[in-house]
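Contents: one structure, followed by commentary.
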Amino acid sequence: MNKILLSVCLAVSTFYTMNSAYAIDAKYRAKLERSGCTQVSELQGCDVNKSKAENSKAGFGTDKRIISNTYAGKWIAKNSNSEQTVSNILVDNKENVWVNGQKVKSKRSDGGLIFKKGFISYKLEGDPTQQDKSYWTDSDAKTSGPIVRK
């Protein structure tokens, strides 16, 4: 009998301990929602007593208009020997790609955006610190060169 009673008491106390450890107070949750903060951003300085707009001005939260794609923009593929322009590349925020005014299919692979037009394959590096490593390769002429942001 004592073993059963002890097991029940242990199970009940474990249940209450586990549930209370993960609970967020309803008032605190409402403050988080109103302020646009998360528990992590609050630790970084986001003020739960301010509005979303005030915290956004302070640099917290996500303003979807500010977020852009790292590939977005104008790029120029140049010949490494002659510095002549091989292609003009345009990438929008949805990763739609145009090469010399013609839309081409693109895909993310190996840390970059890869696309092809004719015999020329292009790779744009997604990491802003590695964008100087973007390149193109012509499989027919066996030439290659850098791609730079315009």
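Counting in the numbering used here, the sequence shown runs without a single skipped number right up to 265 at its last residue. A virtual CB, placed ideally from N, CA and C, is assigned to each residue, including glycine. Keep in mind the model is a prediction, meaning the values are calculated, not measured.
Span separating the alpha-carbon of residue i from that of residue j
i, j, result
"residue 175", "residue 163", "11 Å"
"residue 172", "residue 260", "42 Å"
"residue 144", "residue 157", "12 Å"
"residue 181", "residue 154", "Interpretation of residue 181 is limited by its pLDDT of 44, a score under 50 that renders its predicted location unreliable; the figure taken from the coordinates is listed afterwards. One C-alpha to the other measures close to 22 Å."
"residue 251", "residue 264", "13 Å"
"residue 168", "residue 147", "13 Å"
"residue 231", "residue 253", "10 Å"
"residue 224", "residue 184", "15 Å"
Selection from the options that minimises the alpha carbon distance to residue i
i, options, result
"residue 186", "122, 257 and 244", "244"
"residue 279", "189, 262, 236 and 264", "This structure does not reach residue 279, given that the chain is present from 116 up to 265, and the question cannot be answered."
"residue 215", "207, 125, 225 and 201", "201"
"residue 267", "195, 198, 141 and 210", "The structure shown does not extend to residue 267, since the chain spans only 116 to 265, so no value can be given for it."
"residue 196", "119, 170 and 258", "258"
Which of helix, strand or coil DSSP assigns to residue i
i, result
"residue 153", "coil"
"residue 217", "strand"
"residue 139", "coil"
"residue 252", "strand"
"residue 244", "helix"
"residue 278", "The requested residue 278 is not part of the displayed model; the chain covers only 116 to 265."
"residue 184", "coil"
"residue 196", "coil"
Buried or exposed (CB count within 10 angstroms, at least 16 for buried), residue i
i, result
"residue 212", "buried"
"residue 228", "buried"
"residue 123", "exposed"
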